[in-house]
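Numbering (this note's numbering), first residue to last: 43 to 205. By construction, the Cβ of each residue, glycine as well, lies at the ideal position given by its N, Cα and C atoms. Note that the coordinates shown come from a computational prediction; the quantities given were computed from them, not determined experimentally. Structure first, then comments.
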Amino acid sequence: MLPLTEDAVRASFVNASRKEVADLSLPVRFDSLDWDSIDLLGWRDKKIGRRAYAVVPLDGRVVGVLLKQADALPRSRAQCSWCRDTRLPNDVVFFGARKAGAAGRAGDALGTLVCSDFQCSANVRARPPIAYVGFDVEAARAERIETLRARSAGFVHEVLATE
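Right, here's the structure in full:
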């Protein structure tokens, strides 16, 4: 992911009010993020309980989405919809997001199951287990990274969809 400034992050949000954008707190150590090792910027707001944010590259720009964690946790161990890791070292929670524009103002929303602290980029870069003799670990890792990028971008496309 290309490095972002605070202004670029704040300007990227498509489903948040000006007040919500002004109130957001950036991730801890934002100035020292290793941008080469992340595919999306996701974080929980330390000041506002169940609020989270995801900034995702999409068609040559970045799009920010404000998310709210559901009150209830999944009843059983869930799989993250973005990284699809089956050996998760972390919890997965349900996040809802208002749609962008008039649809969101009218109450339209959608949701997804995502790693609770947005560890998806680290999960897809972890060494996958060797499935068989001759298994190409690096190709599998590259495929998982591309899948994460496509699935997170797909969610953002749905937030932006007007129909």
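Residues that DSSP places opposite residue i in a beta bridge
i, result
"residue 111", "137"
"residue 153", "138"
"residue 104", "99"
"residue 55", "106"
Simplified DSSP state of residue i, which is helix, strand or coil
i, result
"residue 143", "helix"
"residue 85", "strand"
"residue 93", "strand"
"residue 164", "helix"
"residue 159", "coil"
"residue 50", "helix"
Bounding residues of the beta strand (DSSP E) (the contiguous stretch that carries residue i)
i, result
"residue 183", "No beta strand (DSSP E) holds residue 183; the alpha helix (DSSP H) holding it covers 179-202."
Exposure of residue i, with buried meaning 16 or more beta-carbon neighbours within 10 Å
i, result
"residue 102", "exposed"
"residue 84", "buried"
"residue 203", "exposed"
"residue 77", "exposed"
Span of the alpha helix (DSSP H), counted from its first residue to its last, around residue i
i, result
"residue 148", "Taken as a continuous stretch (DSSP letters only), residue 148 belongs to no alpha helix (DSSP H), as it is neither H nor E."
"residue 65", "60-65"
"residue 132", "First-last for residue 132: undefined, no H or E at that position."
"residue 175", "Note, residue 175: premise wrong, no alpha helix (DSSP H); not H, not E."
Residue-chain proximity (residue i, chain D), Cβ-Cβ < 8 Å
i, result
"residue 170", "Absent here is chain D; the protein component of the structure consists of one chain."
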